[in-house]
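Just below is one structure, and these are the notes that go with it.
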Amino acid sequence: MSAPAPLTITGGLLIRPDGTPQKGGLRSADGIIVATGTISPEPGDTVIEAKGALIAPGLVDLGVFAIDKPAFHFGGITRAALMPDQGTVLDRPSAVRYAAQSGKPDLWVHPLAAATGSLAGRELAEIALMRDAGAKAVATGRHWIADSGTMARLLSYCAMLGLVVVTHAEDSGLTGSAVATAGEMATRLGLPSAPAEAEALAVARDIALAEMTGARLHIRQLTTAGSIALVRAAKARGVAVTAGVTPAHFMLSNLAMAEFRTFARLSPPLRSEADRRAVLAALADGTIDVIASGHDPRGPEDKRLPFADAEPGMAGAETLLPMTLTLVRDGVIDLTRAFALLAANPARLLGVDAGLLATGMQADIALIDPAKPWVVDSGKMAAAAGNTPFDRQPVQGRVLALFKGGAAVG
Amino acid sequence: MDWQSGLRNAARQLMPLSSMTSTKLAQAGRYPAGSAAFPHRGLVGLAGIAPHELLFLLDEAEQWVELNRSAKKRDERLAGLTIINAFFENSTRTLLSFEIAGKRLGADVVNMHAAQSSVKKGETLIDTAMTLNAMRADAMVIRHASSGAVQLIAGKVDCPVLNAGDGQHEHPTQGLLDALTIRRAKGELNGLTVTICGDILHSRVARSNIHCLTTLGAEVRVCAPPALMPAEVEAMKVTPFHDFDAALAGADVVMMLRLQQERMQGQFIPSPREFRHLYGLTLDRLAKAKPDALVMHPGPMNRGIEIDSNVADLPGRSAITTQVEMGVAIRMACLDVLTRKARGVEGWA
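If you read the protein sequences in the order shown, they are chains G and L. So for the first sequence, the working numbering puts the first residue at 1; every next one is plus one. So for the second sequence, the working numbering puts the first residue at 1; every next one is plus one.
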């Protein structure tokens, strides 16, 4: 494959790693950003006139369940960290090596190594071998590791290897077969439910173990007021803990489950309005570091079922950016922080030189019209399935052009 | 004005009508004309059903109580209609009750048991429902172990769907038959205190009763140990109790629920014996309620656990067999009302 011509983008509003967005552009050569700011193209460059659009880093989506290139490209995602919960579990080096190559050249997939064999939560997988095969972090998958001894050994091992451990935080003893958060909605619908404290319990234990072992812990979805308070306090005393969330948990409460809508069947389940507001506060004050799509396209065979029988998950790649821009319009965060949550922070957790528009970084770039209106339509999604809880919702923000390693995508 | 005072006002306005001599005129004035009296396509639940719509179904059922007590027990208004009872979860009494209700109205009733069906061969619920729909049923009665399953099917088929129990969500005909039983014993529901005790968490009967009774102006108390009490249940306009004696004080009706051990994952109570110790309805306990308190149970009963035999069989107080009788009448009323549109009944088509 021949290297693309150097790329120059001018006349946009440049998202900078720190400080406010600035009028200007950038230039890349050999897939690497070589200059930012006031740019003049050089002879032979491919020149793109941004016409005032945002020049933003390509999104780095930490924790997706499927490689769904059309959806990722629609959503401005140039790198996706793949959860180990695949048909063939990412619990051995060969599976990791294959997954790491599966999106190139225009989508880079960063496999997350299964923490335990078959994700069963019992025996540690071959994490060092998987790291050297391309795994960028370790994940417990869709479930919490219930056995504290196993979790402690996992964290101490990953601390030694320098890998972040991405955990799903729900105490399985308390959740059982729950599909909803305990409260009025679950009571009215007659759905098996678990108290929101199931998350705080899991977070409390995992923070204690991370503190003990010195491991870097990333809680993939932090969704309750109680667990947010625990992470906030842990960060304040210097624990190496970070947290993420998906737009569902800052846009929706469990009211979205009304009429047994299975597109709102998520894991963890949707929470109360008070928890949703706590998530907004955590996004505003820096307790939450990452917004991810949790992209999990599910067809009718998984979703057109009674609520509790349906599989959890949402197709989130296409709505990740517009929902995050909603936070900017609502004054919860500013644009700089929005792209820290969507790109810079997840890239740093994964240890990849992307997510920032700065000299020396990979030229993964999205041109974005942050005001462009469109309506989410589950019947017309780019994703492999249309299971979005945001169906029919008018949103703003659309990717106009996408570049991976300085080359135009699509 | 809240809905309860609205209801009382409405009841006062209805008073002159009910005292009129011509029952035909009274009937004509009591409810909106034609399908406006019950403007729902099916009966998925009692949540959101208006007070006058519930009362309409109860009043419609009265004629079927009379018919069922007569020698002939037969009306032909549903002749030629096909009713499918699709039961994806085992049932004896509810299935039988729906079958008898349909047959007494002259319909062709067929029963589908999940145990004998292609559900076991991996067919999805929707595919099964679409298959039944293609056979052009005029009404479907559905029971399923998952909450929301009946609503899912109702949205996909062309005929009215009656919920015969979906998971832990609703069992609307049970709620109606309980209301009819209480109304016939006590005169009216408004102002009564009804205590529902037992496994509230797993009970669709409790939920349908709560919707129906609170909508009709009764004060509902629910009583269970914390593990069997749904979270934030007070949002459903009921008062939760853990102490059965306190919940019984002054109650007009005591409704006992079965321990649904098949729906329990993990241990919710230490033992049935211990459950009886705290929540079993004994003669001594019953004495805490009003002297004429009605004893009810949706069945099947675990005698000696949630209810003692001498309470279940107490003459003049136990309405348990009356509930079964009212069940047939209520289901006849529901089948009649919900098929009126298809039958071209004037004002409904």
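We put the beta carbon where it would ideally sit given N, CA and C, even for glycine.
Nearest in C-alpha terms to Met-323(G), of all of Pro-306(G), Thr-336(G), Ala-344(G) and Ser-293(G), is Ser-293(G). Taking a Cβ-Cβ threshold of 9 Å, the residues of chain G close to Leu-125(L) are Arg-304, Leu-305, Pro-306 and Asp-309, in chain order.
Taking C-alpha positions only, Pro-84(G) is separated from Val-295(L) by approximately 56 Å. Pro-312(G) and Asp-313(L) have their C-alpha atoms roughly 47 Å apart.
Within 8 Å of the CB of Ser-147(L), the CB atoms of chain G belong to Leu-189, Gly-190, Leu-191, Phe-260, Pro-306, Phe-307 and Ala-308, in sequence order along the chain.
The Cβ of Ala-182(G) sits closer than 8 Å to at least one Cβ of chain L. In the three-state DSSP reduction, Arg-27(G) falls in the strand class (E or B). Neighbourhood of Ala-186(G) in chain L, by CB distance below 8 Å: Pro-230 and Ala-231, in chain order. Contact between the stretch 106–116 of chain L and the stretch 167–176 of chain L is absent: fewer than 3 CB-CB pairs across the two stretches fall below 8 Å.
Secondary structure at His-110(G): strand, using DSSP grouped into helix, strand and coil. For Gln-151(L), the neighbours in chain G by C-beta distance under 9 Å run, in chain order, Glu-259, Phe-260 and Pro-306. With fewer than 16 other Cβ atoms inside 10 Å of its own Cβ, Glu-66(L) counts as exposed.
Per DSSP, Ile-207(G) lies in no beta strand (DSSP E); the unbroken alpha helix (DSSP H) holding it starts and ends at 197–213.
Under the three-state reduction of DSSP, Phe-87(L) is assigned to strand.
The shortest C-alpha to C-alpha distance from Ala-308(G) to any of Ala-149(L), Gly-299(L) and Gly-250(L) is the one to Ala-149(L). When Cβ-Cβ separations below 8 Å define contact, Met-135(L) makes no contact with chain G. For Leu-54(G), the enclosing beta strand (DSSP E) starts and ends at 54–57. In this structure Leu-62(G) touches Val-290(G) by the C-beta definition: roughly 5 Å separates them, less than 8 Å. Within chain G, Glu-184, Thr-187 and Arg-188 have C-beta atoms less than 9 Å from the C-beta of Met-236(L), given in sequence order.
Closer than 8 Å to the CB of Gly-167(L) there is at least one CB belonging to chain G. Taking the Cα of Gly-351(G) as reference, the smallest distance to any Cα among Ser-378(G), Pro-297(G), Ala-137(G) and Cys-158(G) is reached at Ala-137(G). When C-beta distances to chain G are compared with 8 Å, the residues of the stretch 28–58 of chain L below that value are Ala-47, in chain order. Closer than 8 Å to the CB of Arg-258(L) there is not a single CB belonging to chain G. Sequence-ordered contacts of the stretch 309–334 of chain L with chain G are nonexistent [C-beta pairs closer than 7 Å]. CA-to-CA, the gap between Asp-245(L) and Leu-270(G) works out to about 37 Å. The three-state secondary structure of His-277(L), taken from DSSP, is helix.
DSSP, read as helix, strand or coil, puts Arg-41(L) in coil. Residue state for Gly-165(L) is assigned as strand, using DSSP reduced to three classes.
Under a 10 Å Cβ-count criterion, Asp-364(G) is classified as buried, with 16 or more other Cβ atoms of the shown protein chains found around its own Cβ. Secondary structure of Ala-240(G) (DSSP, three-state): coil. Each residue's CA atom was taken as its position, placing Ala-315(G) and Val-253(L) some 49 Å apart. The criterion of a C-beta distance shorter than 8 Å is satisfied by Leu-105(L) and Met-332(L).
Taken through DSSP and simplified to helix, strand or coil, Ile-288(G) comes out as coil. Setting aside the 5 residues that flank it on each side, Met-151(G) is surrounded in the same chain by Ile-145 and Leu-209, each with a C-beta closer than 6 Å to its C-beta; the list follows chain order. The beta carbons of Arg-153(G) and Glu-126(G) sit no closer together than 8 Å. In the DSSP assignment, the residues bridged to Asp-369(G) are Arg-398(G).
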